[in-house]
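Chemist:
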Amino acid sequence: MSIGFRLTTKCKNISSFQESLDAVAARNNISASHTEDYSELSLCRLGNIFFNYEPEGDEIVIAGDCQTNLLGAGFHKYATEIACELIRQSELSFEVEDDTEYYEHRDFERMRSEHFYPWLKAIMKLCCERMEQGSDMSAICWDYNKYIPQGVKGTVVSPFGRINPHHFMERIENEGIETLANEFFMWNNEERDAQFYRNIALSALWEDCYFMPSARSDADEEINAFIIGNLEKAIEMDDSLPFPKEDYLLLCRLAEQEPIDVSFLPDYVHEFPIGYRKGKVTYKLGNLSFDLPGHYLYFEEEDSRGYYDGVDENWHVVRTLAYSIPDDEVNYLEDNENVLVEEKFFNNGKCRLYDLGGEEDGSDSEYVCQCQIITEHQFTLFTISCEGKEEAMAFSTDFVEHLTASKEDKYDKLLEQIEQWHTDDEEQKIVDAILAIPEEEWNAELIGLLARAYNNQEEYLKAIDCLLTVEEEDKDALWFYRLGYAYYYMNQLEKAQKAFERSLELDPDDDDVKEFIDLCKSGESPYNPEMYEAEEMDALEAHIDKYFGKSKNVFHEIASPDIHVDIYIIEPTRKRNYYTLITSGMGAHRMNVPQELAEYKLERAELVIYLPADWNIYDHSEKNYWPLRWLKILARLPIEEDSWLGWGHTVPNGEPFAENTRFSGVMLINPETMKKGADVCRLPNGEEVNFYQVIPLYEEEMNFKIAHNAEALLEKMDEVSPIVDIRRASVCE
């Protein structure tokens, strides 16, 4: 359950691409970092675009990924703009897949209301469901490799603060989603406004602030300054915004910085005290979990690593060392000089606490204890140094009291990986991984996940075959939902309805199931877009390459209810100094051509339009986007009207396409500027796809064509360039 976009291309020279990343980063005051295997653009706190590199023959596949649901719609907009700039800078042919379609349709409000707000509501609903199923604590977008905050029953952890999802859902019902989104998302609006700077500071307060003096370490100085700076910038932009006054004043004292006057500002009120690191936090080391005060700093030295508090009095240092070791070889380290304080057994592990002694020059000198821990396949050693014996013994005894360990199920790691693949839409990897396991080891959970993957690959029969192998006692609400889903998309609505109704009996609060039941009852079948066969698609792409040029970019369509219409973008060249835009997918549908014209094979068509080389093809404001919009409108018109389009046909808009032009209609003609044969692509089965050029017309030109005919208008347009010119003179004035 995530929102973002992905970019894919190939190149010969990765260093050249990395230079493009550096150039984009420098222009936008963001940072870029590189290794041999990947690069990262850091756009803002918690906001990144990652690029992985995979060799493929003599080329390198660049796969970019940007998850945006963590920050909000404003970040998605900004990251998309950065991606567009990178595409232009690198001059590589990228395929872009945007979950929100914002890359193709720059409608911010639609993106926010149709994608980010529903995601927020859905994720809160999911948290509520998990809690009702007995989970004491869950998290949203949290990096467990960093640390785990203390659990508070009935809450979830997020980078934006601790949340009670049930209260959150109540507030959504009472106050509306936008109010809550403004608090949850760091970047909910289009620009970096006061809310952005306040929320990004709040996130840092919650997740990264140690609440310690800046003089203690560079890390303290950096995070304190970051939070103070962003909070003060927020006040400067909008002093009506609720403000965390108490924490701001505390940080100013810790940073020895004079605070600005915040007495008149409204208080920022949160259900829980801000700052996970104000209490203890949990760290994981292999299968072992241990607790330390949240304000401890992490260190790595040549021969050791661990945590320390960095204070001058009553200090603490905890050094760690862990080995992976076979269970039959693991044992405690024996040393007759060490004094055993206690031996403790805990779930999935055991430990011994030793007194190693200290210096003899006083109670405030260093005193050392050692904790040896044995867990599954792992031996862990903690060396705990404190100021004085009393503190060392008290700290170490408390430390071992809170040790826990997990015992790994055979397929635990695989299940985690499956969920990640599912998030990344890599369903085939799920199928391959589960099929590699002997069938006698499959359980209901693995079978359900395999069926889910098959459903997502539209292999519904395979999904049903899987699900029907599950034992009767394991058929829960989710099992019936997946079965109903498969039947529904196979248009077996009666069977689907029965499965969904059984699912609803087992889980009466599932709104998705209720919606599917309504669809089944109404007889509404799922969409199943008409698509080219693979061989047809190969022939079409070869035709485009031969007659129009190689496409360097494709605007992919995400949602396709009837046909799947992509738009191929062929960049300007010296020989053809203009953009060529070509639809791909319109011809998958056979148009309703009059019977008397059947011999001409006009049932299938694609569209072409030529735009000047200086056209801002990646700008999705209407003044630049209308040609792409009209390619899609025209591609679907024969379906919507159960009719057809062909040479000489005109379609009016009724008003100008955009504020910068008077064009208000289009006409279809044979492609100009191309060599003979460009207008027809012959498919392997003998059918033909006709290519028509779209030329925009003024209202008076449309009227002339209707009053006379297409040939008469084209005679008048003999001197008109085939490349769109939004300022050209009308031929009928």
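Sequential numbering of the sequence shown, starting at 1, is according to UniProt numbering. Don't be surprised by glycine CBs; every beta carbon is placed ideally from N, CA and C. Quick caveat: nothing in here was measured; it's all calculated off a predicted structure.
#1: In the structure shown, what three-state DSSP assignment does H295 receive?
#2: On the criterion of 16 or more Cβ atoms from any shown chain inside 10 Å, does L597 qualify as buried, or is it exposed?
#3: Classify A394 as buried or exposed, calling it buried when 16 or more other Cβ atoms lie within 10 Å of its own Cβ.
#4: Could you pull out every residue in the same chain whose Cβ sits closer than 6 Å to the Cβ of I723, ignoring the five residues on either side in sequence?
#5: In whole angstroms, what is the alpha-carbon distance linking A496 and E343?
#6: May I have the straight-line CA-CA distance separating K429 from Y38, to the nearest angstrom?
#7: Q150 to D425, Cα distance in whole Å?
#8: Going by CA-CA distance only, name the one from H167, M111, E36, E56 that's closest to T9.
#9: Quick one: measure Cβ to Cβ for G275 and W187, integer angstroms, because I've assumed they're closer than 8 Å.
#10: Report the partner residues of Q693 according to the DSSP bridge assignment.
#11: Quick one: grab the DSSP three-state call for L41.
#12: Please work out which residues of its chain come closer than 8 Å, Cβ to Cβ, to V680, disregarding the five sequence neighbours upstream and downstream, and give them in chain order.
#13: Reducing DSSP to helix, strand and coil, say where V156 ends up.
#14: Please determine whether the Cβ atom of E236 lies at a distance below 6 Å from any heavy atom of the ligand GDP.
#15: Look up N553 in the DSSP assignment and give the residues it is bridged to.
#16: Classify F290 as helix, strand or coil using the three-state DSSP reduction.
#17: Have a look at G665, W644, N491, G646 and flag the residue whose alpha-carbon is nearest the alpha-carbon of G654.
#18: Can you tell which of P671, C520, N455 has the C-alpha that lies nearest to the C-alpha of L581?
#19: Just to confirm the assignment: which complete alpha helix (DSSP H) runs, minimum length 4, are found wholly within the segment 403 to 460?
#20: Quick one, are the C-beta atoms of H124 and P159 less than 7 Å apart?
#21: Between which two residues does the beta strand (DSSP E) carrying V680 extend?
#22: Within the same chain, show all residues whose beta-carbon is closer than 6 Å to that of L446, passing over the 5 residues directly before and after it, in chain order.
#23: Please determine if the segment 251 to 269 and the segment 366 to 386 are in contact, where contact requires at least 3 C-beta pairs separated by less than 8 Å.
#24: Three-state secondary structure (DSSP) at Y489?
#25: Report yes if the C-beta distance between A451 and R502 is below 7 Å; otherwise report no.
#26: Suppose you measure from the CA of T35 to the CA of A678; what does that come to, to the nearest Å?
#27: Sort V96, E659, K462, K675 by Cα distance to K546 and report the nearest one.
#28: If we call anything under 7 Å between Cβ atoms a contact, is S138 one with T423?
#29: Should R27 be labelled buried (16 or more other beta-carbon atoms within 10 Å of its own) or exposed?
#30: Enumerate in chain order the residues of its own chain whose CB-to-CB distance from A539 is below 8 Å, with the five nearest sequence positions on each side excluded.
#31: For I384, report the span of its beta strand (DSSP E) as first-last.
#32: According to the Cβ coordinates, are H564 and G585 closer than 7 Å?
#33: Classify V731 as helix, strand or coil using the three-state DSSP reduction.
#34: Is the beta carbon of Y103 sitting closer than 7 Å to the one on V96?
#35: Could you check the C-alpha separation between P638 and L602 for me, to the nearest Å?
#36: Using 8 Å as the cut-off, can you tell me whether the segment 213 to 231 makes contact with the segment 174 to 189, which would need three or more C-beta pairs spanning the two stretches below that distance?
Modeler: Result, derived from the coordinates:
#1: coil
#2: exposed
#3: exposed
#4: Y578, Y610, P612
#5: 58 Å
#6: 21 Å
#7: 32 Å
#8: E56
#9: Rounded, the Cβ-Cβ distance is 22 Å, inconsistent with contact.
#10: V608, I669
#11: strand
#12: E688, V689, N690, F691
#13: strand
#14: Among the components modelled here there is no ligand, and therefore nothing to report on the ligand GDP.
#15: I569
#16: strand
#17: G665
#18: P671
#19: 412 to 423, 427 to 435, 444 to 456
#20: In the sequence as displayed, the identity of residue 124 is Met instead of His. No, the Cβ-Cβ distance between M124 and P159 is not below 7 Å.
#21: 680 to 682
#22: I434
#23: no
#24: helix
#25: no
#26: 45 Å
#27: K675
#28: no
#29: exposed
#30: C681, R682, L683, P684
#31: 378 to 387
#32: yes
#33: coil
#34: yes
#35: 12 Å
#36: no
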